[in-house]
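Below: one structure, written as structure tokens.
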Amino acid sequence: MALCAIGVGVWGSLLWAPAPRLAPPVLQTTPDEIADTTAVARWFGGEALRVRITVSGLIASGNGKHGAAVLSVNGQPPRAYRVNDTLAPGVTLVAISPTGVTVDQDGAQETLLPPAKPPAGNNGFIVLPK
Numbered sequence: 033m034a035l036c037a038i039g040v041g042v043w044g045s046l047l048w049a050p051a052p053r054l055a056p057p058v059l060q061t062t063p064d065e066i067a068d069t070t071a072v073a074r075w076f077g078g079e080a081l082r083v084r085i086t087v088s089g090l091i092a093s094g095n096g097k098h099g100a101a102v103l104s105v106n107g108q109p110p111r112a113y114r115v116n117d118t119l120a121p122g123v124t125l126v127a128i129s130p131t132g133v134t135v136d137q138d139g140a141q142e143t144l145l146p147p148a149k150p151p152a153g154n155n156g157f158i159v160l161p162k
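Those letters in the sequence shown? Residues 33 to 162, by our numbering.
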């Protein structure tokens with residue numbers, strides 16, 4: 033008798049249990065297009081933020097298409113870059129010459145000079161007064 037009661041209870045709970053409901057559909061959203069704010073920035077007298085690049089060292093060839101430049105981008109530790117490397121979004125290293133590097137920042141090319149050379153003849157030693 034107990035087994036019959038347990039069987040009826042189990043089957044009764046399975047048969048008369050509420051049916052699971054389907055979850056409501058998820059709202060699919062598409063990301064908004066990124067708005068171009070260049071015109072507004074120019075209207076207020078501003079331009080796109082310029083990337084600060086500091087030249088630490090150069091290894092250049094005659095034609096400017098080969099070599100390497102040691103550059104610090106936006107205050108980061110210096111790294112070695114080659115021609116056509118991307119320094120930051122929208123900033124590309126265009127040429128490396130013995131006199132400096134040329135970078136393209138959003139279509140505007142700019143030549144950056146290396147730091148001034150130390151005076152020759154001291155072989156790395158600094159003479160201190162006595």
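All residues carry an ideal CB built from backbone N, CA and C; glycine is no exception.
Are there 16 or more other CB atoms within 10 angstroms of the CB of residue i, so buried, or fewer, so exposed?
i      : result
Ala133 : The sequence shown places Val at residue 133, not Ala. Buried: at least 16 other Cβ atoms inside 10 Å.
Val115 : buried
Ile91  : exposed
According to DSSP, is residue i part of a helix, a strand, or is it coil?
i      : result
Leu46  : helix
Leu145 : coil
Ala92  : strand
Gly139 : coil
Ala37  : helix
Val72  : helix
Leu54  : coil
Leu103 : strand
Val83  : coil
Relative to the alpha-carbon of residue i, which residue among the options has its alpha-carbon at the smallest distance?
i      : options                           : result
Val135 : Pro57, Ala148, Asn95 and Ile85    : Ile85
Tyr113 : Gly107, Val126, Pro121 and Gly122 : Val126
Leu103 : Cys36, Pro56 and Thr143           : Thr143
Ser93  : Ser129, Ala148, Gly139 and Ala51  : Ser129
Any beta strand (DSSP E) of 3 or more consecutive residues that is wholly inside the segment 107-136: 111-113, 118-120 and 123-129
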